[in-house]
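Step one of this worksheet: look at the structure below.
In this note's numbering, the protein residues as written are 4 to 348.
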């Protein structure tokens, strides 16, 4: 569907973006003057963005239904397909992600292209990865209107990941968690995602709270995650049966190193199966299971320290789990019984 946006508005946006880039490179002698001009340019840029938002046409529920019918497409439950039709929510994602013409943005699961077409208006480049080839004809029409849009067809986990600055996506329910872990591996600034509310709460719970889990430990090691707002079910077609939330992920420098991501994950799984037990008791049980109790108990416990050993699992911080992981690895990485035992988790 063509977007009714005047060429003048698009040119205004591009020119403002370029001018802003030039101004930031000014000499120190004119710093105060430039800062004032930058603030004015930012104000102009926001105003042009607002005008673009007002003009951009997003498929309504009826238009999405009509489009799907035209191409004989039925939303697939096994792929978690629910199409975002709420213009305000779409623009909220763009604004939270601070998307500009300087950004290259990745979208996962574009579907009918509602978010895609808006991203293409605001970002310098958009790469959309779509597993379902049923949407080829629809997305081809979107591509005709936006030369900065590239659509890659294939499984997100198997295709080569493009180099981008940000990720903006409404994640299919069936792959949301594994996609989150893949995103943490990428060199990006941030991601704005819509996911199930239950998952959003799981990954943002902090140490000491009842919902604290291995997932929140693993993710907090790589990023700061916050819930922006709930997204009503009526914002989608077809409407999902679960509640949804928009989250912001800001990548950070990894808080601590571990010898192996798989080993770290296995250690966390082992401990969080008994989240209300103490670390000391679980380590003793672990060493008994791998016939290493007499040889390593004192050595390992002394290095971990009594303060951590007395804590229940859900009260142990991510950094402390990092310490435990590294100590166990150094003491037992040559113990095949120990390594095979952990593979069960």
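Glycine is no exception: its CB is placed at the ideal position from the N, C-alpha and C atoms.
A quick note: this is a predicted structure, and the numbers were derived from the prediction, not measured.
Can you tell me which of the three DSSP states residue i falls into?
| i | result |
| --- | --- |
| residue 1 | In the structure as shown, the chain starts at 4 and stops at 348, and residue 1 therefore has no counterpart that could be examined. |
| residue 213 | coil |
| residue 347 | coil |
| residue 26 | Because the pLDDT at residue 26 is just 46, under 50, the model does not fix this residue reliably, and the value given afterwards should be weighed accordingly. The answer is helix: DSSP assigns residue 26 an H, G or I state. |
| residue 294 | coil |
| residue 288 | helix |
| residue 55 | Because residue 55 sits at a pLDDT of 45, beneath the cut-off of 50, its placement in the model cannot be relied upon, and the following sentence gives the value as read from the coordinates. Note: residue 55 maps to helix in three-state DSSP. |
| residue 265 | helix |
| residue 189 | coil |
| residue 320 | coil |
| residue 200 | helix |
| residue 96 | helix |
| residue 220 | helix |
| residue 229 | strand |
| residue 245 | coil |
Please classify residue i as buried or exposed, where buried requires at least 16 neighbouring CB atoms within 10 angstroms.
| i | result |
| --- | --- |
| residue 102 | buried |
| residue 339 | exposed |
| residue 55 | At residue 55 the pLDDT is 45, less than 50, meaning the model places this residue with poor confidence; the figure from the coordinates comes in the next sentence. It counts as buried. |
| residue 25 | Reliability of the predicted coordinates at residue 25 is poor, the pLDDT of 47 falling under 50, and the value obtained from them is presented with this limitation in mind. Burial call: exposed. |
| residue 133 | buried |
| residue 337 | exposed |
| residue 106 | buried |
| residue 143 | exposed |
| residue 169 | buried |
| residue 213 | exposed |
| residue 247 | buried |
Considering only residues of the same chain and omitting the five flanking positions on each side of residue i, which have a CB-CB separation below 7 Å?
| i | result |
| --- | --- |
| residue 84 | 78, 114 and 175 |
| residue 242 | 236 |
| residue 93 | 61, 87, 117, 118 and 121 |
| residue 182 | 111, 159 and 174 |
| residue 314 | 281 and 282 |
Can you list, in chain order, the residues of its chain whose CB lies under 8 Å from that of residue i, leaving out five sequence neighbours each side?
| i | result |
| --- | --- |
| residue 95 | 231, 232 and 249 |
| residue 67 | 86, 88, 115, 117 and 240 |
| residue 71 | 77, 78 and 115 |
| residue 269 | 345, 346 and 348 |
| residue 296 | 287 and 290 |
| residue 99 | 195, 231, 249 and 251 |
For residue i, tell me which candidate among the options has the shortest Cα-Cα distance.
| i | options | result |
| --- | --- | --- |
| residue 294 | 152, 201 and 342 | 342 |
| residue 97 | 148, 73, 82 and 122 | 122 |
| residue 284 | 188, 303 and 143 | 303 |
| residue 345 | 290, 208, 186 and 300 | 290 |
| residue 227 | 166, 321, 164 and 309 | 321 |
| residue 244 | 218, 224 and 198 | 198 |
| residue 203 | 155, 173, 161 and 190 | 173 |
| residue 111 | 147, 161 and 235 | 161 |
| residue 63 | 238, 288, 145 and 300 | 238 |
| residue 140 | 220, 150, 99 and 74 | 74 |
| residue 200 | 180, 266 and 192 | 180 |
| residue 188 | 124, 205, 206 and 264 | 264 |
| residue 329 | 261, 127 and 128 | 261 |
Tell me which residues share the same chain as residue i and place their Cβ nearer than 6 Å to its Cβ, disregarding the 5 neighbours each side in the sequence.
| i | result |
| --- | --- |
| residue 211 | 318 |
| residue 153 | 130 |
| residue 215 | 208 and 317 |
| residue 324 | 220 |
| residue 149 | 123 |
Is residue i close to chain B, meaning its C-beta is less than 8 Å from at least one C-beta of that chain?
| i | result |
| --- | --- |
| residue 100 | Given the protein chain composition of this structure (a single chain), no chain B is represented. |
In chain order, which alpha helix (DSSP H) runs of at least 4 residues are fully inside the stretch 100–170? Runs found: 117–125 and 139–148.
Alpha helix (DSSP H) runs wholly inside the stretch 60–92, at least 4 long, in chain order: Qualifying alpha helix (DSSP H) stretches, in chain order: 64–73.
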